[in-house]
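All residue numbers for the sequence shown refer to our numbering, where the first residue is 7 and numbers rise by one.
The beta-carbon is built from N, C-alpha and C at its ideal position, and this holds for glycine as well.
Predicted model only: the values in this text are computed from it and were never measured.
To start, the structure itself, in structure tokens.
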Amino acid sequence: MPSIAMSAPDHIAISLTSPPERDTMLTLATRSITFLSINNPQVRLKTIEAIFTPDTVWFDSDGSGHHGHDGVLAHSTIVMDRQDGTVHSPAEDVKVCQNIATSRWRVVPEGTEGDPGQAPSQLGGNVIVVEGAKIKVLWSYLDNFQPPLRPSPEG
């Protein structure tokens, strides 16, 4: 079976003496979800620049990898175009260990994100690795893959 090679960061700094502040980790994990609900691309890019390192890598559930701020913006635009009228919102509490955090999310119709009874069209999660006070690597995964809502690896 052929494998797909993806470029990853050369190294990830893990501080054993001073991991990022817990509040920073919680905020970044939450924002790694909610930036996909910012419709204005210029505002979304500013958010991406604020929470991701310039050399960030986003490995999405479709098997694709996206590098840097421009790559994250381009892929987020594709995801949002396919999920028009929906928002990504946190589904559970964030879990933190050193500079790694996991978070769960759900995709629901816009305007219903505060309704816990609203059935999501998608459920998934993120794993982030933080370097300094920004996301260095983001992995996203789906619990219930719905092909019409996700772009193919070819674009």
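Got a sec? Which residues, its chain only, sit under 6 Å from residue i by beta carbon, not counting five neighbours each side?
i: ILE106; result: VAL135
i: VAL143; result: VAL63 and VAL135
i: VAL133; result: THR108 and TRP145
i: PHE65; result: GLY71 and TRP145
i: SER127; result: VAL113
i: MET7; result: Confidence is the limiting factor: at MET7 the pLDDT is only 40, short of 50, which leaves the residue's position unreliable, though a coordinate-based value still follows. Answer for MET7: no residue qualifies.
i: HIS73; result: VAL63
i: MET86; result: none
i: GLU55; result: HIS75
i: ASP90; result: none
In terms of DSSP beta bridges, what is residue i paired with?
i: ASN46; result: In DSSP, ASN46 forms no bridge with anything.
i: GLN128; result: VAL113
i: SER38; result: Per DSSP, none; premise fails for SER38.
i: THR140; result: The sequence as given places Lys at residue 140; Thr does not occur at that position. DSSP lists GLU137 as partners of LYS140.
i: LEU148; result: GLY130
Under 8 Å Cβ to Cβ from residue i, same chain only, skipping five residues before and after it: list those, please.
i: LEU51; result: HIS75 and LEU79
i: ILE141; result: LEU34, SER38, ILE57, PHE58, THR59, THR62, ILE134 and VAL135
i: THR30; result: VAL136 and ALA139
i: TRP111; result: ILE39, HIS94, SER95, PRO96, ALA97, LEU129, GLY130, GLY131 and ASN132
i: THR36; result: PRO96, VAL100 and SER109
Expressed to the nearest angstrom, what Euclidean distance is found between the alpha-carbon atoms of residue i and residue j?
i: GLY131; j: PRO96; result: 9 Å
i: ALA139; j: GLY123; result: 34 Å
i: THR53; j: ASP61; result: 15 Å
i: LYS101; j: PHE41; result: 19 Å
i: GLY117; j: THR92; result: 8 Å
i: PRO115; j: GLY77; result: 26 Å
i: LEU32; j: ASP99; result: 9 Å
i: ASP121; j: HIS81; result: 28 Å
i: ILE44; j: ALA125; result: 21 Å
i: VAL49; j: GLU119; result: 20 Å
I'd like the list of long-range same chain contacts for residue i, defined as Cβ closer than 7 Å, with 5 residues on each side in sequence excluded.
i: PRO25; result: GLN104 and ASN105
i: THR83; result: PRO47
i: ARG28; result: VAL102
As an exercise, report each continuous beta strand (DSSP E) stretch of at least 3 residues that is fully enclosed by the segment 53-111, in chain order.
58-65, 71-73, 92-96 and 101-103
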